[in-house]
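S.K.: Chains as they are written, first to last, in the working numbering: chain C, 1 to 175; chain D, 1001 to 1175.
For reference, the structure I am asking about is given below.
Number of protein chains: 2
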Amino acid sequence: MELTPADAVAVLRRTPATLQAMLEGLADSWLLANEGPDTFSPRDVIGHLIHGEETDWVPRMKIILEHGEAVPFTPLDRFAFRTASVGHSTSALLERFAALRRESLRAVGAMTLDGAALARTGTHPGLGRVTLGQLLAAWVVHDLGHVKQVARVMAGQYREAVGPWREYLTILDRP
Amino acid sequence: MELTPADAVAVLRRTPATLQAMLEGLADSWLLANEGPDTFSPRDVIGHLIHGEETDWVPRMKIILEHGEAVPFTPLDRFAFRTASVGHSTSALLERFAALRRESLRAVGAMTLDGAALARTGTHPGLGRVTLGQLLAAWVVHDLGHVKQVARVMAGQYREAVGPWREYLTILDRP
């Protein structure tokens, strides 16, 4: 599927409500479950997505539009959110993510994202030359990857409880 | 995590809103995308979940409670929904799934699901002896598996568009 800003934004603006529908008001037995050391719980995912809004997606789009390849992106710290989430309820984190995403999409809406803009290039610290269009597509896929992760982490809590059904429920044994 | 009916129902009652948040109003380029022949699009997933509410989860719970192992479950037809979905908008299918799920959970709420009930056994046509508790856990995991699937199918539409980011975005290359 060819990327268009409208298609990408249609998915991006749905992610906060998706996570709210999945997680709002859920017990900590679900929210804090993870897949072992250095893996994300559903609550961690929200913190990670907040950090992305604050430091990653729109800031990187702006770097490309303002500086092209001359200014490399700041590397993303995947665990920086841990300290920032302390003392905030999961509900408050969901709300904060929703507010930040609205701001991000307002900023995107103010950019002129025609074919020439989407083809503009920047410098990723690990991947090298990337385009603005690739960045926008990666943002969408990154969201969906974390929705998938939340579903998988939650499902994993019932890995034993399903008994013989484990054979049919492939989410329990696939990454 | 030990299964409790309350924990399971907390997830089950969120699935319709989760899928509505992800899919309601989205363009057909997203809704009808799939992963090849005999794979589900996001729209197919809704039809499949509707069919499960109508013929599978609560009906199987009732078979266990009323007949134990004496009456095997009816096998689930994974593609039966195809004809039933024809002529209905995706929005109408989402609404129908939400209504059926509410009914299902009303039926579950009317059952006395204590430890003895959860330990009652039935006969699965493919898996043999299963308990009511395992059925309830499988229902939850089945929902989450399809949420994961919707995220993965959508993400896959941007497999090429992300360019070099594919290396980092594991959802693009994992089942």
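Even for Gly, the Cβ is constructed at its ideal location relative to N, Cα and C.
When DSSP builds the beta bridges, which residues end up paired with C/Gly-128?
M.R.: Note: C/Gly-128 sits in a beta bridge opposite C/His-124.
S.K.: Does the Cβ-Cβ distance between D/Gly-1122 and D/Ile-1063 come in under 7 Å?
M.R.: It is a contact, given that the beta carbons lie within the stated cut-off.
S.K.: Using the Cα positions of D/Trp-1165 and C/Phe-97, report the straight-line distance between them to the nearest angstrom.
M.R.: If I take the Cα positions, the gap works out to 23 Å.
S.K.: Please decide whether D/Pro-1059 counts as near chain C, where near means a Cβ-Cβ distance under 7 Å.
M.R.: No, D/Pro-1059 lies away from the interface with chain C (no Cβ there is under 7 Å from its Cβ).
S.K.: Output, in sequence order along the chain, the residues in the region 114-135 of chain C whose CB is closer than 9 Å to any CB in chain D.
M.R.: Residues passing the 9 Å Cβ filter: His-124, Gly-126, Leu-127, Gly-128, Arg-129, Val-130, Thr-131, Gly-133, Gln-134, Leu-135.
S.K.: Could you check what DSSP says for C/Gln-134 in three-state terms: helix, strand or coil?
M.R.: The answer is helix: DSSP assigns C/Gln-134 an H, G or I state.
S.K.: On a CA-only basis, which of D/Arg-1102, D/Ala-1021, D/Ala-1092, D/Val-1130 is nearest D/Phe-1073? Give me that one, please.
M.R.: Closest option to D/Phe-1073, Cα to Cα, is D/Val-1130.
S.K.: Taking a contact to mean a Cβ-Cβ separation below 7 Å, would you say C/Val-11 touches C/Leu-105 in this structure?
M.R.: In this structure, C/Leu-105 does not lie closer than 7 Å to C/Val-11 by Cβ.
S.K.: Return the first residue and the last residue of the alpha helix (DSSP H) that C/Asp-28 is part of.
M.R.: First-last of the alpha helix (DSSP H) with C/Asp-28: 28-31.
S.K.: Quick one: grab the DSSP three-state call for D/Val-1071.
M.R.: In this structure, D/Val-1071 counts as coil in the three-state DSSP scheme.
S.K.: Are the Cβ atoms of C/Ile-171 and C/Arg-152 separated by less than 7 Å?
M.R.: It is a contact, given that the beta carbons lie within the stated cut-off.
S.K.: Using a 10 Å radius around the Cβ and a threshold of 16 neighbouring Cβ atoms, would you call D/Thr-1112 buried or exposed?
M.R.: Looking at its Cβ environment, which holds fewer than 16 other Cβ atoms inside 10 Å, D/Thr-1112 is exposed.
S.K.: Would you mind sorting D/Ala-1137 into buried or exposed? The rule is 16 or more other CB atoms within 10 Å of its CB.
M.R.: Per the 10 Å Cβ criterion, buried.
S.K.: Could you list which residues in chain D have their beta carbon closer than 9 Å to that of C/Val-45, in chain order?
M.R.: Ordered by position in chain D, no residue passes the 9 Å Cβ test against C/Val-45, which lies about 12 Å from the chain.
S.K.: Under three-state DSSP, which class holds D/Arg-1007?
M.R.: Contrary to the premise, residue 1007 of chain D reads as Asp rather than Arg in this sequence. Three-state DSSP puts D/Asp-1007 in a helix.
S.K.: With a 10 Å radius around its C-beta and 16 neighbouring C-beta atoms as the bar for buried, classify D/Pro-1175 as buried or exposed.
M.R.: Looking at its Cβ environment, which holds fewer than 16 other Cβ atoms inside 10 Å, D/Pro-1175 is exposed.
S.K.: So with CB distances below 7 Å, who are the chain C contacts of D/His-1142?
M.R.: Neighbours of D/His-1142 on chain C, chain order: Leu-169.
S.K.: Just to confirm my understanding: we take D/Leu-1023, look at its own chain, exclude 5 residues before and 5 after, and list those with CB closer than 6 Å. What are they?
M.R.: So the qualifying residues of the chain are Pro-1042.
S.K.: Could you list which residues in chain D have their beta carbon closer than 8 Å to that of C/Val-11, in chain order?
M.R.: Ordered by position in chain D, the residues that pass the 8 Å Cβ test against C/Val-11 are Leu-1026, Trp-1030, Met-1154.
S.K.: Relative to the alpha-carbon of D/Gly-1036, which residue among D/Gln-1157, D/Tyr-1168, D/Ala-1161 has its alpha-carbon at the smallest distance?
M.R.: Nearest of D/Gln-1157, D/Tyr-1168, D/Ala-1161 to D/Gly-1036, Cα basis: D/Gln-1157.
S.K.: Use the C-beta contact count for D/Ser-1029: other C-beta atoms within 10 angstroms, 16 or more gives buried, fewer gives exposed.
M.R.: By the 10 Å Cβ count, D/Ser-1029 comes out exposed.
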